[in-house]
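Student: Here it is: the structure, laid out below.
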Amino acid sequence: MPKNLLYITATEERSGKSLIVLGIMQMLKKEVHRVAFFRPMINDTETGQEDPDISLVLNYFKLDMAYEDTYGCTLSEAYELINSGREDEFHDLILDKYKRLEDEYDFILCEGTDFRGQETSFETEINGDIAANLGAQVVLVSSGRKRTLKQIVRQTKMSIDTHVEKGIALTACIINRVPENITSEMIADLINGNGHSIELPIYIVPENAALANPTVAHVKKWLNASVMYGAKGMSALVDSFLIAAMRVENFLEYVTPGCLVITPGDRSDIILGSLAARSSASYPEISGIVLTGGLLPSDSVRKLIEGWSGAPVPIMSVQGHTFQAIQLLNELYSHIDADDVQRIATA
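Under our numbering, the first residue of the sequence shown is numbered 431, with each subsequent residue one higher.
Below, the structure written as structure tokens:
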């Protein structure tokens, strides 16, 4: 079994796998002269766009690799090959690209899929098959977000058993975003007890909003929004999304800390109510406002906002209607860019 290969695979979507990759790559760079990064499969991207995890690792760690050498194929290409009975061809493709790196580098860190495709069971199966074919040591990464101890243990044991049945060599399990009242010892005792077949190191990463939640800047980029006011507040963390479609006196009852208000651009009452709530000690602080439908506030409202020393939160505008905006935001997940020094340091 290769000693110069480690495969990081998630057990579900939004597990925080990228943070684990960052941390492990940081350690490897201190100990190994030449380290490569490889993703057997990546999500399909728009023309000209790069996989965000590959871009982050290449740019932040200054790896001497060409982008096209860092991945095997896209998920859609994998689907096509396997569904057309060409699974051997698919595995040969992955193995060939991996072998090229093996000849040039001292260590290869592999990252599995993001589980954002349409068939998560396919991704679980294929990640395991690839890791087994490469003979890799595997680190499992799962999420403990908003889960009880019992739920975390059940999910983790199922993932461990699935990989062990495939004959995969597990080296550790890391559980991200764990509630502060749960320790790794509590999880490990329950997983490795009751006659469980293997003793596996269990590590946890406590929930940290600074890493888990997107910023207003991420929302802007995701929605392709235009910033109208409050550009200085783009680093604020977004905890939740609040659709404001009711009267302002009712809307204010739903304001929570860090919420991002989504409302049509002609709802002057909601806009002013949101700004007033942000400035009031009686209400939680919102993170920003997204105006939908390509609509803008009336001239008098804009004049009022512009007359202040500065809007207390970012106000952004998008062309799509409210339902389109919230659909897109439901797919938004927090990620780290190479120039996001503060988040990388926190990770």
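Ideal Cβ placement from N, Cα and C applies to all residues, glycine included.
Since this is a predicted model, take the numbers as computed values, not measurements.
So what does DSSP say about P482, is it helix, strand or coil?
Tutor: Note: P482 maps to helix in three-state DSSP.
Student: Could you check which residue in R697, Q754 and A599 has the C-alpha nearest to that of A655?
Tutor: Out of R697, Q754 and A599, Q754 has the C-alpha closest to the C-alpha of A655.
Student: If we count Cβ pairs, one from each stretch, closer than 8 angstroms, do we get three or more for the stretch 722–729 versus the stretch 636–644?
Tutor: Result no; under three Cβ-Cβ pairs closer than 8 angstroms.
Student: Just list the beta strand (DSSP E) runs in the stretch 518–550, keeping only unbroken ones of 3 residues or longer that don't cross its boundaries, in chain order.
Tutor: The stretch 518–550 contains these whole beta strand (DSSP E) runs: 537–541.
Student: So for A639, helix, strand or coil by DSSP?
Tutor: Here A639 sits in helix by DSSP.
Student: Among P714, D533 and L702, whose alpha-carbon lies nearest the alpha-carbon of K733?
Tutor: If we check each option's Cα against that of K733, L702 comes out closest.
Student: Buried or exposed: where does K492 fall if 16 or more other Cβ atoms within 10 Å of its Cβ makes it buried?
Tutor: With fewer than 16 Cβ atoms within 10 Å of its Cβ, K492 is classed as exposed.
Student: For the beta strand (DSSP E) containing Y437, list its first residue and its last residue.
Tutor: Note, Y437: beta strand (DSSP E), L435 to A440.
Student: According to DSSP, is T586 part of a helix, a strand, or is it coil?
Tutor: Here T586 sits in helix by DSSP.
Student: Can you give the Cα-Cα distance for S698 and T543, rounded to whole angstroms?
Tutor: Each residue's Cα considered, the two are about 43 angstroms apart.
Student: Give the list of continuous beta strand (DSSP E) stretches no shorter than 3 residues that lie fully inside the stretch 668–713.
Tutor: Entirely contained in the stretch 668–713, the beta strand (DSSP E) runs reaching 3 residues are, in chain order, 670–673 and 689–694.
Student: Which residue or residues does DSSP assign as beta-bridge partners of L570?
Tutor: According to DSSP, L570 bridges with T439 and C603.
Student: Using 8 angstroms as the Cβ pair cut-off and three pairs as the minimum, do the stretch 444–456 and the stretch 578–587 touch?
Tutor: Because the criterion of three Cβ pairs below 8 angstroms is not met, the stretch 444–456 and the stretch 578–587 do not touch.
Student: Expressed to the nearest angstrom, what Euclidean distance is found between the alpha-carbon atoms of S712 and R575?
Tutor: So the alpha carbons of these two residues sit roughly 29 angstroms apart.
Student: Evaluate the contact criterion for the stretch 552–566 versus the stretch 481–499: three or more CB pairs, one atom per stretch, below 8 angstroms.
Tutor: Short answer: they don't touch.
Student: Which residues bound the alpha helix (DSSP H) around M457?
Tutor: Counting along the chain, the alpha helix (DSSP H) containing M457 begins and ends at K447 to E461.
Student: Indicate whether L620 and I590 have their beta-carbon atoms separated by less than 8 angstroms.
Tutor: The answer is no: Cβ separation not under 8 angstroms.
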